[in-house]
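Each remark here refers to the structure printed beneath this line.
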Amino acid sequence: MPITLMHIDDEPDIREVAAMALELDPEISLTSVASGEAALAQLSAGARPDVILLDVMMPRLDGPGVLSALRRMEGLDETPVIFMTARAQSGEVDRFKALGAIGVITKPFDPMTLAGQVRDLLAEARE
Amino acid sequence: MTADPLARLRGQFRKKAHEDAAAMRRALGQGALGLQQVEHLAHSLAGAAGVFGYVEISTAALAVDSRFAGGQAPDEDEVAALLAAIDRI
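Protein chains in written order, with our numbering: chain A, 235 to 361; chain B, 92 to 180.
In structure tokens form, the structure reads like this:
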């Protein structure tokens, strides 16, 4: 099934390797964004991805801040969000899910399985 | 033979890791003022290094990052281990 995905991460090398990894799935249409502010600007302008892959720790506006903001935006209150973080102890994962994320992908991620992880989390959330 | 799709990015990562190590050494020289930058660099390396197969750097960076996540000051030996791991690549 085709999906549109917005990936938000301040690290250029992570964005690039994630793009390479996600493009292994020909049915994923990807938009990469370098900051929470830029992402909210695109979403405010009408972007409506099927799923958002969101880095937790970014300067200025972090992942939870982005999630909180987009939940207040019309048409984005139920958009599935998956956090990406290097700090994925169980307590943190529970906290991210309590914020409304459908799941957490741990960094470092495996480029060969990233697209599959996203699809699996989406499928679980839709069950 | 299949070309390594990550080779170019891995090269970029190595260059950036050495820049990060230099920045971390400068930040450490600033004492408490530099700690936020040390945290940011360690966190970034913890996430990126493993993606590119640099497990030793990723593990060392995660140890430093975990101190910050727990609200603690970084452990000197763990920071030294991270910098040494970067120096080896």
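C-beta atoms are modelled at their ideal positions from N, C-alpha and C, and glycine is treated no differently.
Ranked by how close their Cα comes to the Cα of residue 344/A, the residues 245/A, 258/A, 238/A have 258/A in first place. In this structure residue 310/A is in contact with residue 277/A, their Cβ atoms being roughly 6 Å apart against a cut-off of 8 Å. Distance between residue 298/A and residue 136/B, taken at the CA atoms: about 21 Å. Residue contact with chain B for residue 248/A: present (Cβ-Cβ distance below 7 Å to some residue of chain B). Residues are counted here when their Cβ sits less than 7 Å from a Cβ of chain A; for the segment 154 to 171 of chain B these are 156, 160, given in chain order. Listed along the chain, the chain B residues whose CB falls inside 7 Å of the CB of residue 267/A amount to none; the nearest CB is some 17 Å away.
In summary, the residues of the segment 114 to 144 of chain B whose CB is separated from some CB of chain A by less than 8 Å are 131, 134, 135, 137, 138, 139, 140, 141, 142, 143, in the order they occur in the chain.
The beta carbon of residue 342/A falls within 7 Å of a beta carbon belonging to chain B, placing the residue at that interface. For residue 337/A, the uninterrupted beta strand (DSSP E) run begins and ends at 337 to 340, by DSSP. Residues of the segment 300 to 322 of chain A whose Cβ lies closer than 7 Å to any Cβ of chain B, in chain order: 320, 321. Under the Cβ criterion (8 Å, minimum of three pairs), the segment 281 to 294 of chain A counts as touching the segment 307 to 322 of chain A. For residue 100/B, a Cβ of chain A is located within less than 7 Å of the residue's own Cβ. Residue 115/B sits in a helix when the DSSP states are folded into three classes.
A distance below 7 Å separates the beta carbons of residue 128/B and residue 118/B. By the rule that beta-carbons nearer than 7 Å mark a contact, residue 290/A does not touch chain B.
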